[in-house]
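To keep things clear, I will list the structure first and then write my remarks on it.
2 protein chains.
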Amino acid sequence: MVATYKDIRRLTGLSLATISKYYNGGNVLEPNRELIEKAAADLDYQLNNVARGLRSRRSMTVGVILDELDSAFNTTIVSRMEERLREAGYGTIICDSRKDAEAQADVMRFLVGKMVDGIIVVPVDDDASFLVPARDRGVPVVAVDRLVPGTDSVIIDNRAAIASAVQLLTTAGHTSIGLLAGPDSTYTMRERRAGFRDAVQDRTGLLPRTELIEPEHVSIEGGCAGVRRLLRLSAPPTAVVCANYGFTLGATIALNELGPESRPALVGFDNMDLARLIRPRPTLVAQPIEDLAIEAAELLLQRLNGDGPDEPVTITLDTTLMIGHESTYQLRPVPSNGRL
Amino acid sequence: MVATYKDIRRLTGLSLATISKYYNGGNVLEPNRELIEKAAADLDYQLNNVARGLRSRRSMTVGVILDELDSAFNTTIVSRMEERLREAGYGTIICDSRKDAEAQADVMRFLVGKMVDGIIVVPVDDDASFLVPARDRGVPVVAVDRLVPGTDSVIIDNRAAIASAVQLLTTAGHTSIGLLAGPDSTYTMRERRAGFRDAVQDRTGLLPRTELIEPEHVSIEGGCAGVRRLLRLSAPPTAVVCANYGFTLGATIALNELGPESRPALVGFDNMDLARLIRPRPTLVAQPIEDLAIEAAELLLQRLNGDGPDEPVTITLDTTLMIGHESTYQLRPVPSNGRL
DNA sequence: GTAGGAGCCTGAAACGTTTCGCCAAAGGGG
DNA sequence: CCCCTTTGGCGAAACGTTTCAGGCTCCTAC
Chain A
1 MVATYKDIRR LTGLSLATIS KYYNGGNVLE PNRELIEKAA ADLDYQLNNV ARGLRSRRSM
61 TVGVILDELD SAFNTTIVSR MEERLREAGY GTIICDSRKD AEAQADVMRF LVGKMVDGII
121 VVPVDDDASF LVPARDRGVP VVAVDRLVPG TDSVIIDNRA AIASAVQLLT TAGHTSIGLL
181 AGPDSTYTMR ERRAGFRDAV QDRTGLLPRT ELIEPEHVSI EGGCAGVRRL LRLSAPPTAV
241 VCANYGFTLG ATIALNELGP ESRPALVGFD NMDLARLIRP RPTLVAQPIE DLAIEAAELL
301 LQRLNGDGPD EPVTITLDTT LMIGHESTYQ LRPVPSNGRL
Chain B
341 MVATYKDIRR LTGLSLATIS KYYNGGNVLE PNRELIEKAA ADLDYQLNNV ARGLRSRRSM
401 TVGVILDELD SAFNTTIVSR MEERLREAGY GTIICDSRKD AEAQADVMRF LVGKMVDGII
461 VVPVDDDASF LVPARDRGVP VVAVDRLVPG TDSVIIDNRA AIASAVQLLT TAGHTSIGLL
521 AGPDSTYTMR ERRAGFRDAV QDRTGLLPRT ELIEPEHVSI EGGCAGVRRL LRLSAPPTAV
581 VCANYGFTLG ATIALNELGP ESRPALVGFD NMDLARLIRP RPTLVAQPIE DLAIEAAELL
641 LQRLNGDGPD EPVTITLDTT LMIGHESTYQ LRPVPSNGRL
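So this is what it looks like as structure tokens:
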């Protein structure tokens, strides 16, 4: 059998209350402290956190719901969060909603049933009804990479991110810029698309041609297909902006098949391993992914300690434009015009 | 307040024992079943798994310890495991040991204290002493990608994997093959290196020249530096085998800087997203990573149900050699000899 | 000398389930 | 008709902690 307080009581003669006080950092006389430590060592005692959780109503566990697990973005998120949360004594239960709203609602109930103290979530879409079980039970929720009204959110400035890409391209002389973005149903894509429209209008005085905005599934395949479609237009864009990492990978694959002379300029999203592999060095909008994770963990920890702000809070982080090899963003001199 | 069995008892007049039986799939008369379901719905009742775990001594939680979280290999592992385990009703607590033995021992104690029912681990090194807390408490452990004597393990046939790469290269005429591998302190690297030596000896009748085996830190940087060092040798190899994904990426980056004419043949490891990015299409040893995860989860679930084999078991999975563009493995006709 | 407080300890009652032993009623075979 | 088994239900005792309301000792200040 595994040792419990009762065994420690047997060996030390102290009461359960005192032993509990010891394990919770209360004041215990030095000789008693030593007695307990000796007994615990002899018994190879390990505190039972399940029992503790039942009585104290804190499971010291948080749930993390991601819309997909095997993406580089979310991996980084998990890695940093887990690190920060365990530092604070919390275990991290990870759940994958596979971009499926129903699965997301399921895991939410699952986590609430597991009595997690808090939840961090990258929501599947704008429908926040899956949060109800958590709200009902007063479990704090922090949304990451999505703005969820009425809920703490940690996001990046998506509009400015895309605007910085557009600005680089227009400064280089591009006037016809395409965008690869996912469906408007996710906050991130909606913002990036709106940011694109605004930036293009700002910089060129014109609304972007609608056929240059490719609505796609968010994936490598979507990036491949999308960029090919853009280039088949009768007046193809001279530059393409990718609204996320998957599109960037896909577009890069598709462009690999073109001769370097006929490639459009390309600004991608997210600075991950990819960037080091691809030649010429790509131009990228870099998100502070680690900070996103750390800020979210920090905000949740504040809530768990009961000392966060009164109102739901939105933390917005800035992106960095990482300028790559100039061939990736310059407007090619004449010939491509000549050919059109 | 959150509802409990007592509230259901109040609404239904049934005893706690009956309500418990209902929630554990026991036989309950139809009218009582309906009563309970109605009451639960009215109360928005959610079973408290912490209390359940305390009494039943099953927390329905498993711990997963990875040697690093933000690698594509481990991401895939986590993703599949989490899926399979949650299907079976288990929550997955994830921990990152950051390739640090002490951190690994810490999280092991952390998980045992959290009363996880089982643990899946990709161990940092060969020192299995960190398993003691789990063994002492009868918590089953499954090791993944490492052979841990006396413990259930799910691995791939590392020797055969490397041998298949060597065979392809020798068949194509290569006689001087280099290897990029990590330190012998991890099982995987030791096996792959031994497999390399054996295969080269088998196929060429000679032991590989020792300077062709580059001991390196396992990383993209290591791959870059290693391949550069190999090529600076007075008699550089005509082909290089990479013993893992990081090396493959790094070697690819380094080779990108060479003209296509002077590149050695390259066989990489692991078929992940980036393999689709690289042109010409690389030749790769593909591990069944998802199966690794699923087999491990399955084996642990067996142990948790108490119906696994009596003895610790080792499951070995096979790899597939994915042959890429022929320029990636063919021996280049004459000039490279001429130049040497 | 004593009131009051600080410091440390204690027994007992939670926390919300599961499980054990027992009982009543119903059903079936001889 | 009786005995035996099966089914479903019940009260009460766990599970291993934390927490509550006191209680004892010792010290200080008046």
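In order, the protein sequence lines correspond to chains A and B.
In terms of my numbering, the first sequence has 151 at position 151, counting the first letter as 1, and numbering is strictly consecutive.
Here my numbering = 1-based position in the second sequence + 340.
Note that beta-carbon positions come from the ideal geometry of N, C-alpha and C, so glycine has one too.
Provide the residue span of the beta strand (DSSP E) that contains residue i, from first to last.
i                 : result
Val144 of chain A : 141-144
Ser493 of chain B : 492-496
Glu554 of chain B : 553-555
Val452 of chain B : It is not in any beta strand (DSSP E) - Val452 of chain B instead sits in the alpha helix (DSSP H) that spans 441-453.
DSSP state of residue i, grouped into three classes?
i                 : result
Gly338 of chain A : Model confidence at Gly338 of chain A stands at a pLDDT of 40, short of 50, so the residue's coordinates are unreliable; what they give is reported in the following sentence. Here Gly338 of chain A sits in helix by DSSP.
Ala579 of chain B : strand
Thr61 of chain A  : strand
Asp285 of chain B : In this structure chain B extends from 341 to 680, so residue 285 of chain B is not present and cannot be described.
Val488 of chain B : coil
Leu546 of chain B : coil
Gly458 of chain B : strand
Leu356 of chain B : helix
Leu409 of chain B : coil
Gly513 of chain B : coil
Gly535 of chain B : helix
Excluding the five sequence neighbours on either side, which residues of its own chain have a C-beta within less than 6 Å of the C-beta of residue i, listed in chain order?
i                 : result
Ile663 of chain B : Thr623
Ala636 of chain B : Ile460, Val482, Val484, Val494
Ala181 of chain A : Met189, Arg192, Arg193, Ala243
Gln104 of chain A : Ser97, Val124, Phe130
Gly490 of chain B : Pro652
Thr510 of chain B : Arg543
Leu43 of chain A  : Ala3, Asp7
Tyr385 of chain B : Ala343
Asn39 of chain A  : Contrary to the premise, residue 39 of chain A reads as Ala rather than Asn in this sequence. Closer than 6 Å at Cβ, skipping near neighbours: Ile8, Leu11, Thr12.
Ala239 of chain A : Leu169, His174, Ile177, Pro264, Ala265
Among residues of its own chain, excluding the 5 on either side of residue i, which ones have a beta-carbon nearer than 7 Å to its beta-carbon?
i                 : result
Arg679 of chain B : Reliability of the predicted coordinates at Arg679 of chain B is poor, the pLDDT of 42 falling under 50, and the value obtained from them is presented with this limitation in mind. Excluding positions up to five away in sequence, the list is empty.
Pro675 of chain B : Here the model assigns Pro675 of chain B a pLDDT of 47, short of 50, so the residue's position is not dependable, and the following value carries that caveat. Contacts found: none.
Leu598 of chain B : none
Lys439 of chain B : Asp407, Glu408, Val464
Arg487 of chain B : What sits at residue 487 of chain B in the sequence shown is Leu, not Arg. Closer than 7 Å at the Cβ level, and outside the excluded window around Leu487 of chain B, lie Ser493, Ile495, Tyr527, Thr654.
Pro237 of chain A : Ser176, Ile177, Gly178, Leu212, Leu230, Pro264
Val472 of chain B : none
Glu290 of chain A : Thr76, Arg80
Asn611 of chain B : Leu624, Ala626, Met662
Gly429 of chain B : Met400
What are the start and end residues of the alpha helix (DSSP H) that includes residue i?
i                 : result
Pro183 of chain A : No alpha helix (DSSP H) holds Pro183 of chain A; DSSP gives it neither H nor E.
Glu370 of chain B : 370-383
Val50 of chain A  : 49-56
Gly566 of chain B : 560-572
Ala134 of chain A : 132-136
Asn414 of chain B : 412-427
Please work out which residues of its chain come closer than 8 Å, Cβ to Cβ, to residue i, disregarding the five sequence neighbours upstream and downstream, and give them in chain order.
i                 : result
Ala633 of chain B : Thr416, Ile417, Val418, Ser419, Arg420, Met421, Arg424, Val484
Tyr23 of chain A  : Leu47
Could you name each continuous beta strand (DSSP E) segment of 3 residues or more that falls completely within the region 584-670 of chain B, going from the start of the chain to the end?
605-609, 623-626, 654-657, 660-662
At a cut of 8 Å, does the region 82-99 of chain A reach the region 19-35 of chain A through at least three beta carbon pairs?
no
Please determine if the region 196-209 of chain A and the region 155-165 of chain A are in contact, where contact requires at least 3 C-beta pairs separated by less than 8 Å.
yes
When you compare the region 455-464 of chain B with the region 127-145 of chain A, are there three or more beta-carbon pairs, one atom per stretch, that lie closer than 8 Å?
no
At least three beta-carbon pairs within less than 8 Å, the region 219-226 of chain A to the region 241-256 of chain A
Yes, the region 219-226 of chain A is in contact with the region 241-256 of chain A.
How do the region 304-311 of chain A and the region 343-360 of chain B stand: do at least 3 beta-carbon pairs fall below 8 Å, yes or no?
no
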